[in-house]
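Residue numbers (the numbering used here): 6 to 266. Idealized CB from N, CA, C, for every residue including glycine. The structure appears below as structure tokens.
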Amino acid sequence: MLYFIGNPSRIYHVEAHFPNGERETMKMIFRILHTLFLYLLTVISFFVGTGIILCIAPFAKDQAKLFQTAATIWARFLLFFSGVKVTIRGLENVPRGQPLIYVSNHQGAGDVPLMLAYLPSRFRFAIKKELFSVPIFGWYLRQAGYFSIDRKIMLSAYKSLERMIEILKAGESVLIFPEGTRSQDGSLGKFKRGSLMAALKAGVPVVPIAISGAYAIMPRGTYLINPKTVKISFGTPIYIKSEEEYEQKVEEARNAIAGML
């Protein structure tokens, strides 16, 4: 088991001699200040990091790999200052030296930075198309080789499947959230029927990942950040060898994640 600890958020340690009402008020004030600090840090570090990458990119043989590596460093940097504690279990279950489909539950907005920071190999993943329209940030996503998806259009999902198969056959890994969207309450939802089809078509193993505790970092309906403890667990690979066993394997992957939560 590996144990990672981000920068302790001392601003949340309020002296015990304050009355309960004052303590709660101070905690809320510190929480707001900490959140504003992290948002400001996110923006500044993104632009500074992107500037550095632009200087290095002309000399890089694989620019997509460079941008992906920078995204990993950025995610670790932000998690350090967030105060989020992360426990990693089951890394020994992840096959090395081959393309994989990482399949994870989706608890909250912090899931992508967590995956960028702690997955043992670089990967690509689908991002909602609206983010590609954000100036500079959308350009960065394209440079890193991430691909867009419009969940409202079936053709978009089909194109994303083709793109995933292409990436996997090229020897790279892919991360997907088979629930299709973030959880409403932190619980595990149903998997989309065709979510693991790329594993069958490309002949690569599925590695189930369970994220526990990430929902509490930023629950739906709030923009305030809570430095909580998160557990990331990796299950044993699942192989989908035929269409006849496809539905069973999708359920097996979901059950594996549910069992690790």
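C-alpha distance - residue i paired with residue j, whole-angstrom precision
i: A65; j: F82; result: 22 Å
i: I170; j: A207; result: 6 Å
i: G54; j: A75; result: 8 Å
i: T40; j: I61; result: 31 Å
i: R36; j: I230; result: 7 Å
i: V89; j: G115; result: 10 Å
i: P289; j: I132; result: Residue 289 is absent from the model: the chain starts at 6 and stops at 266.
i: K32; j: I222; result: 15 Å
i: Y251; j: G194; result: 19 Å
i: G191; j: T227; result: 14 Å
Beta carbon of residue i nearer than 8 Å to that of residue j
i: L43; j: F85; result: no
i: A258; j: I237; result: no
i: A149; j: P213; result: no
i: F130; j: V99; result: no
i: A219; j: V235; result: yes
i: L266; j: S217; result: yes
i: V209; j: L96; result: no
i: M202; j: L166; result: yes
i: S200; j: I181; result: yes
i: L71; j: I58; result: yes
i: R101; j: F239; result: no
Classification of residue i by the beta-carbon crowding that lies within 10 angstroms, buried from 16 upward
i: M6; result: Residue placement at M6 is flagged as unreliable, the pLDDT there being 47, under the threshold of 50; the coordinate-derived value follows with that caveat. So M6 ends up on the exposed side.
i: F52; result: exposed
i: I73; result: Looking at the sequence provided, one finds Gln at residue 73 rather than Ile. Buried, by the Cβ-count rule.
i: G264; result: exposed
i: F196; result: buried
i: P63; result: exposed
i: V255; result: buried
i: A175; result: exposed
i: L38; result: exposed
i: F128; result: buried
i: Y163; result: exposed
i: V48; result: exposed
i: E177; result: buried
i: I245; result: buried
i: F142; result: exposed
Cβ separation of residue i and residue j, assumed to be a contact under 8 Å, to the nearest whole Å
i: P118; j: A80; result: 4 Å
i: T77; j: L121; result: 5 Å
i: L205; j: E248; result: 7 Å
Pairs of beta-carbons, one from the segment 137–147 and one from the segment 105–118, closer than 8 Å: are there three or more?
Verdict: no, contact absent.
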